[in-house]
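Colleague:
Residue numbers (UniProt numbering): 1 to 154.
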């Protein structure tokens, strides 16, 4: 069957071929096919860890908060430079099962790196970071900006 653009003047039932819709239908068909022939296998897509980051400016600090469920604090790196904060983390999970004469070991690994602009100049000196119950909170003290000298106009 050949598909293409059907063009009829003044016809209310004109439809256009959408290649993206056809790709989606093909993908759904293949997913159903795999589920039908391999029902015992769980197909898992790659996990992308891309948490949202909240940035809050207070009087004397900037507070950055993000959710990092399942991430250990030793696997988190935080750096600040040029008005940006970068938070990167890795999450490693390993699962072992032994049932009725067979052994199964599965591993998953995901990582992310996220950089966001800070609304004010900050310093790493005196900064704190806490990871409690999957929520990372970084508090960065603002720098004291020197008073800018005024230049008189003649």
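Note that CB positions come from ideal geometry on N, CA and C, so glycine has one too.
This one's a predicted model, so the numbers in the text were calculated from it and none came from an experiment.
1. In angstroms with no decimal places, state the Cα-to-Cα distance between residue 53 and residue 153.
2. With three or more C-beta pairs closer than 8 Å as the rule, is the stretch 106-126 touching the stretch 20-35?
3. Checking 7 Å against the spacing of the C-beta atoms, do residue 75 and residue 90 come in under that value?
4. Compare the C-alpha of residue 87 against each of 145, 95, 99 and 135 and name the closest.
5. Can you have a look at residue 17 and say buried or exposed, based on whether 16 or more other CB atoms are within 10 angstroms of its CB?
6. Between the C-alpha atoms of residue 63 and residue 117, what's the straight-line distance to the nearest angstrom?
7. Report the three-state DSSP secondary structure of residue 35 (helix, strand or coil).
8. Where DSSP assigns a beta bridge to residue 65, which residues make up the other side?
Modeller: The structure says:
1. Approximately 44 Å between the Cα atoms of the pair.
2. no
3. yes
4. 135
5. exposed
6. As the crow flies, the alpha-carbon of residue 63 is around 12 Å from that of residue 117.
7. helix
8. 54 and 137
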